[in-house]
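Just so you know, the protein sequences line up as chains A and B, in that order. full-length UniProt numbering puts the first residue of the first sequence at 1, with every later residue one more than the last. full-length UniProt numbering puts the first residue of the second sequence at 1, with every later residue one more than the last. Cβ atoms here follow ideal geometry from the backbone N, Cα and C, with glycine treated the same way. First up is the structure itself, then whatever we jot down about it.
There are 2 protein chains.
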Amino acid sequence: MSLMNHQLSSSSTISSSSSTFLAPTDFNSRRKSIKVQVKKFGACKCVAAPHEEKIAFKTKVSRNANMAKLQAGYLFPEIARRRAAHLLKYPDAKVISLGIGDTTEPIPEVITSAMEKRANALSTLEGYSGYGAEQGEKPLRAAIASKFYSNLGIEEDDIFVSDGAKSDISRLQVAFGSNVTMAVQDPSYPAYVDSSVIMGQTGQFQKDVQKYGNIEYMRCTPENDFFPDLSKVSRTDVIFFCSPNNPTGSAASREQLTQLVQFAKKNGSILVYDSAYALYMSNDNPRSIFEIPGARQVAIEISSFSKYAGFTGVRLGWTVVPKELLFSDGFPVAKDFNRIVCTCFNGASNVAQSGALACLSPEGFKAMQEVIGFYKENTKIIVETFNSLGFKVYGGKNAPYVWVHFPGRSSWEVFSEVLEKTHVVTTPGSGFGPGGEGFVRVSAFGHRENILEACKRFKQLYK
Amino acid sequence: MSLMNHQLSSSSTISSSSSTFLAPTDFNSRRKSIKVQVKKFGACKCVAAPHEEKIAFKTKVSRNANMAKLQAGYLFPEIARRRAAHLLKYPDAKVISLGIGDTTEPIPEVITSAMEKRANALSTLEGYSGYGAEQGEKPLRAAIASKFYSNLGIEEDDIFVSDGAKSDISRLQVAFGSNVTMAVQDPSYPAYVDSSVIMGQTGQFQKDVQKYGNIEYMRCTPENDFFPDLSKVSRTDVIFFCSPNNPTGSAASREQLTQLVQFAKKNGSILVYDSAYALYMSNDNPRSIFEIPGARQVAIEISSFSKYAGFTGVRLGWTVVPKELLFSDGFPVAKDFNRIVCTCFNGASNVAQSGALACLSPEGFKAMQEVIGFYKENTKIIVETFNSLGFKVYGGKNAPYVWVHFPGRSSWEVFSEVLEKTHVVTTPGSGFGPGGEGFVRVSAFGHRENILEACKRFKQLYK
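Now the structure itself:
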């Protein structure tokens with residue numbers, strides 16, 4: 001490289017990007033080409049010239065009208081922005097984040113060491129691997145099928161490994177296209193509605209009711225035990241349903257899920273079931289929609305290691321699309337989803353997949369459940385705190401989320417009050433849909449001392 | 001766990017999926033709930049009963065008409081299928097794959113050790129990290145900006161880190177929506193056209209011309225030096241352009257790219273420039289579209305570590321969306337792309353991002369270039385082989401692909417002939433568009449001995 005470096009430093013007009021791209025010199029002379037380059041970069045440099053910055057050139061490409069329908073930013077970046085603004089206002093405040101539901105505890109070593117081994121193997125001839133199957137590595141698909149779905153008629157090839165549930169929600173929406181109608185729990189995880197808006201399945205946002213047109217919002221409140229009154233729900237092509245639910249923390253019973261599957265079957269709808277919190281359940285409600293008879297003919301299940309193994313940054317999830325699930329023309333949904341996975345995705349990181357496989361080993365699974373147990377203890381502490389303050393509190397038992405009711409108050413107002421007076425970041429319930437208005441979601445993901453400190457501050461604020 | 005295990009083994013009717021999901025018993029008794037479960041699972045078990053399998057239930061959801069437009073499978077899985085079929089026919093054949101362009105050489109240890117360190121850190125309190133910024137970790141975005149784009153007016157916040165170029169191509173299409181028109185080089189990487197079809201930007205596939213309706217195919221042939229005659233190209237909203245090109249291996253010159261940027265500017269088009277092979281270039285053609293004056297007002301650049309560092313399985317790429325790029329209403333394209341990244345994606349794996357950062361360290365970058373140099377040597381060997389056999393050969397000098405001309409013959413016919421007689425997998429040129437008919441792409445990704453062996457077999461077949 002020394003000669004090249006010399007040539008570069010001696011030709012100050014060469015952009016360092018171009019020097020970066022200098023190819024190994026095993027093909028003909030660089031010196032000559034660099035000489036040529038020098039002149040050219042004289043012209044090129046004006047790219048960055050300030051006077052040009054001022055000219056605002058517009059393309060003739062119309063902005064995607066569906067993107068324009070989206071309200072504000074996606075919820076969680078919005079909360080991150082407000083957290084940052086608060087830190088500017090109170091630089092010395094010890095801010096505790098019980099907001100976006102980000103995991104905080106280290107990943108068990110039995111799992112990280114598997115990722116280390118895989119990363120190391122990639123530096124060896126024997127251990128190197130390039131493109132994997134877009135659907136995921138066979139041993140991982142097999143392990144997921146047998147660990148979570150054995151006896152439920154789900155096989156290895158029904159499992160699609162992904163870089164996370166959020167990505168797969170959008171890939172499913174892309175597979176469904178613009179002409180489907182959809183229903184969601186209200187409140188629910190914003191990615192369902194936002195991805196539907198982006199795909200053009202909805203109408204405009206209606207400020208008065210805080211809803212998008214052409215989406216069926218299935219209201220879930222304490223009055224209906226957070227399970228929608230299906231007799232009042234219109235038929236849609238797709239139904240997104242998350243249980244245990246984010247944000248309410250409620251888990252549907254076997255009877256309720258049986259109703260839901262029968263409802264989907266009666267309407268010929270596709271049920272997209274999000275079970276990302278199933279391992280947090282304390283009671284015997286179903287962990288998978290496929291425990292319900294007939295579900296494989298109407299349901300897809302999305303899940304993730306994010307909240308189980310602390311993989312929020314490692315990125316690894318999966319989606320189950322049973323071969324029995326058919327479009328109205330008899331074409332298997334799995335075939336179209338597979339085409340999307342092969343065309344719009346190239347598989348999850350091989351290192352992350354090795355981590356996930358370790359999560360499903362006996363030791364890995366035990367370690368993972370201990371982390372879950374830790375967060376469940378956090379949840380108990382938060383629930384007891386708000387109970388002791390006389391609040392009506394929901395969720396918690398089957399999910400890492402506590403759903404606190406502030407009757408008659410605005411969620412964002414409570415969010416701001418809590419942030420301003422306790423420096424604790426929560427999530428305003430209305431961010432999950434109009435049905436969340438008057439509630440605040442408190443996440444149980446945090447170090448124990450932070451959970452205890454946050455609860456102490458809540459007690460000071462609301463005593 | 002022992003008590004739980006005992007309870008499980010004593011209740012044989014419990015589905016193992018359900019046992020898998022048994023939560024830590026820090027919340028009330030399992031024994032009672034399990035007793036309840038046992039009855040319920042009696043009913044549940046029939047889900048898997050064979051008689052039910054036979055009933056083919058169809059939902060009332062119409063299949064996405066755009067998905068139905070897609071021809072056959074995505075090219076590379078299709079080739080993998082044919083390779084597998086060949087192996088069934090010739091179980092003992094030593095098949096050499098110079099087809100899908102999968103990397104084969106180990107990742108330099110300076111890079112994998114960074115991934116090991118990050119994976120290990122995730123098991124510690126200090127080193128653990130959960131959700132990262134959806135756009136990528138700040139140090140990596142900064143390193144990409146300074147390493148590849150300094151002096152080109154591209155800043156850290158113009159860089160979006162992704163899980164690979166293929167995923168970002170689709171995310172860009174989702175951001176653009178269904179109502180844009182698009183142009184592609186013919187031949188070109190199939191993901192551009194297929195993602196456009198999936199988004200509904202195109203008409204039906206026209207068998208006679210082997211093209212989709214409403215796509216502008218910019219023919220690239222030896223006659224026009226593989227650069228389209230822009231005077232014959234109709235205006236489209238989006239222009240996908242890959243240089244160095246996959247599959248032809250040709251790299252556009254500064255003059256040609258200046259023409260292209262002026263063409264986009266004149267038409268108010270958005271140019272999506274794929275520079276995933278830039279580091280393979282041997283001459284002084286631009287490595288980035290942003291070396292061309294004015295490009296930031298019309299261009300997006302997609303790139304990837306896949307073919308640089310052997311990250312085809314690790315999954316890490318990036319997309320540059322300059323703030324100066326505006327839709328016709330003046331809205332910044334970057335804002336909509338950012339919204340897609342935040343709503344439909346959750347950032348690339350943190351372990352992979354640490355690997356990418358190591359790729360950009362002085363040692364990592366040098367090691368990466370040595371791997372590239374190795375593949376470039378492979379390319380030379382393949383080029384010389386086909387030259388010696390009297391074939392017209394294109395590409396090679398600036399890309400890891402050799403584009404071999406078989407005038408008057410069908411690409412798939414040649415693909416089959418080569419596979420049948422030499423057990424070498426190539427890629428039929430027509431798989432990249434009608435303009436690829438009569439060509440075969442030979443990839444230079446392979447161990448040296450396999451490249452030499454494949455070339456020996458080519459010489460036997462075509463001597």
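Short CB-CB distance (under 8 Å) between residue i and chain B
i	result
residue 220 of chain A	no
residue 88 of chain A	no
residue 122 of chain A	yes
residue 312 of chain A	yes
residue 203 of chain A	no
residue 198 of chain A	yes
residue 448 of chain A	no
residue 441 of chain A	no
Contact set for residue i: own chain, Cβ-Cβ below 7 Å, skip 5 residues either direction
i	result
residue 421 of chain A	461
residue 184 of chain B	192, 193, 215, 217, 218, 240
residue 196 of chain A	173, 182, 202, 215
residue 383 of chain B	393, 396, 402
residue 365 of chain A	359
residue 457 of chain B	422, 424
residue 385 of chain A	455, 458, 459
Distance between beta carbons of residue j and residue i, contact taken as under 8 Å
i	j	result
residue 96 of chain A	residue 454 of chain A	5 Å
residue 159 of chain B	residue 144 of chain B	5 Å
residue 351 of chain A	residue 115 of chain B	6 Å
residue 378 of chain B	residue 446 of chain B	6 Å
residue 328 of chain A	residue 60 of chain B	5 Å
residue 285 of chain B	residue 252 of chain B	6 Å
residue 282 of chain B	residue 243 of chain B	Between residue 243 of chain B and residue 282 of chain B the Cβ distance is about 14 Å, and since that is not below 8 Å, they are no contact.
residue 310 of chain B	residue 371 of chain B	6 Å
residue 415 of chain A	residue 442 of chain A	No, residue 415 of chain A and residue 442 of chain A are not in contact; Cβ-Cβ is about 11 Å, not under 8 Å.
Closest residue to residue i among the options (Cα-Cα distance)
i	options	result
residue 266 of chain B	B:405, B:239, B:245	B:239
residue 312 of chain B	A:77, A:217, A:122	A:122
residue 64 of chain B	A:154, A:180, A:63, A:60	A:180
residue 375 of chain B	B:400, B:354, B:363	B:400
residue 150 of chain A	A:288, A:273, A:127, A:186	A:288
residue 76 of chain B	B:431, B:175, B:273	B:431
residue 103 of chain B	A:131, A:235, A:62, A:344	A:131
residue 341 of chain A	A:449, A:134, A:322	A:134
C-beta neighbour in chain A for residue i, strict 8 Å
i	result
residue 429 of chain B	no
residue 409 of chain B	no
residue 315 of chain B	yes
residue 166 of chain B	yes
residue 104 of chain B	yes
residue 297 of chain B	yes
residue 270 of chain B	yes
residue 330 of chain B	yes
residue 237 of chain B	yes
residue 98 of chain B	no
residue 352 of chain B	yes
residue 387 of chain B	no
residue 241 of chain B	no
Where the alpha helix (DSSP H) containing residue i begins and where it ends
i	result
residue 145 of chain B	138–149
residue 219 of chain B	It is not in any alpha helix (DSSP H) - residue 219 of chain B instead sits in the beta strand (DSSP E) that spans 215–219.
Residue span of the beta strand (DSSP E) that contains residue i, given as start and end
i	result
residue 303 of chain A	299–304
residue 185 of chain B	182–186
residue 274 of chain B	270–274
residue 441 of chain B	439–443
Heavy atom of the ligand PLP within 7 Å of residue i beta-carbon
i	result
residue 386 of chain A	Summarising the ligand content, the structure contains no ligands, and the ligand PLP is consequently not present.
Same chain only: Cβ atoms within 6 Å of residue i, ignoring 5 sequence neighbours per side
i	result
residue 316 of chain B	305, 348, 352, 356
residue 93 of chain B	423
residue 235 of chain B	267
Own chain, CB closer than 8 Å to residue i, minus 5 neighbours either side, in chain order
i	result
residue 110 of chain A	358, 361, 363, 364, 367
residue 452 of chain A	381
residue 228 of chain B	185, 218, 219, 220
Please name the residues in the region 53–82 of chain A whose beta-carbon is closer than 9 Å to at least one beta-carbon of chain C, in chain order. In the displayed structure, chain C is absent; the protein chains listed are A and B.
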